[in-house]
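Q:
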Amino acid sequence: MERVPMTPEGFAQLQEKLERLKNVEIPRLQKALGDARELGDLSENAEFETARAELWTTERIIAELEDRVGRAEILDSKRAPADSVAIGALVKVQEIGARKPEEILLVGEGETRKEYDCVSVTSPLGRAFVGKKVGEMAEVQAPRGTLRFQILELRYP
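Residue 627 in our numbering sits at position 82 of the sequence shown, with consecutive numbering throughout.
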């Protein structure tokens, strides 16, 4: 079973989404399905077909989220060495040849944060940054060639 690295915040978001789908969306869709069924002939009932499709899709999403929760490996940045890049690090990097530096947050697979540009630690770019220290270079192979980044700053928000 392949583990899915996540920050504690990302794991909490995943659990919240799962609970909302189970406790709010599924009951709402089941009611919509029941209401549509009461309209009569199911062979030409668009409301029934729509509700059934939405319920099926939501149940699939729930199964996928439950799988991710079961495989989650929660990596707390508080345990990471403060001087090297790990999950949860906010890193200022300068791509060689680019005009301006970028600030990115290393997160777990599928995580997002509204206030940051996020890069998954499981992505090629994220893997290139993990373990690096300020001043070091990270390289990643991309379709347009090798990209080189210098680590300018590192902190754990």
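Heads up, the beta-carbon is just placed ideally off N, CA and C, and yes, glycines get one too.
Values in this document were obtained by computation on a predicted structure and should not be read as measured data.
1) State the DSSP-derived secondary structure class of ALA634, mapped to helix, strand or coil.
2) State the start and end residues of the unbroken beta strand (DSSP E) segment that holds ALA577.
3) Starting from PRO669, trace the alpha helix (DSSP H) both ways and give me its first and last residue.
4) Could you work out which residue in GLY633, GLU640, ARG644 and GLU599 is closest to GLY555 when comparing CA atoms only?
5) Determine the direct distance from the alpha carbon of LEU566 to that of ARG605, and round the result to whole angstroms.
6) May I have the straight-line CA-CA distance separating GLU609 from ARG616, to the nearest angstrom?
7) Should the region 636–650 be called in touch with the region 566–582, which here means at least 3 C-beta pairs below 8 Å?
8) When we look at the beta-carbon of ILE641 and count the other beta-carbons within 10 Å, is it buried (16 or more) or exposed?
9) Leaving out the 5 sequence neighbours to the left and right, which residues in its chain are closer than 7 Å to PRO553 when beta-carbon positions are compared?
10) With a threshold of 16 other CB atoms inside 10 Å of the CB of ALA643, please say whether the residue is buried or exposed.
11) Going by Cα to Cα distance, which pick from VAL549, GLU698 and MET551 is closest to ALA627?
12) To which residues of the same chain is LEU563 closer than 7 Å at the C-beta, ignoring the five residues directly before and after it?
13) Can you tell me whether LYS623 is buried or exposed? The criterion is at least 16 other CB atoms within 10 Å of its CB, across all chains shown.
A: Inspection of the coordinates gives the following:
1) In this structure, ALA634 counts as coil in the three-state DSSP scheme.
2) Element bounds for ALA577: not the beta strand (DSSP E) but the alpha helix (DSSP H), 571–582.
3) Counting along the chain, the unbroken alpha helix (DSSP H) around PRO669 starts and ends at 669–674.
4) The shortest CA-to-CA distance from GLY555 to any of GLY633, GLU640, ARG644 and GLU599 is the one to GLY633.
5) Those two C-alpha atoms are separated by around 11 Å.
6) For GLU609 and ARG616, the distance between alpha carbons rounds to 11 Å.
7) No: fewer than three Cβ pairs fall under 8 Å.
8) Exposed.
9) Closer than 7 Å at Cβ, skipping near neighbours: ILE619 and ASP621.
10) That one is exposed.
11) The option with the nearest alpha carbon to ALA627 is GLU698.
12) For LEU563, where only same-chain residues beyond five positions count, the Cβ hits under 7 Å are ILE607, LEU610, GLU611 and VAL614.
13) So LYS623 counts as exposed.
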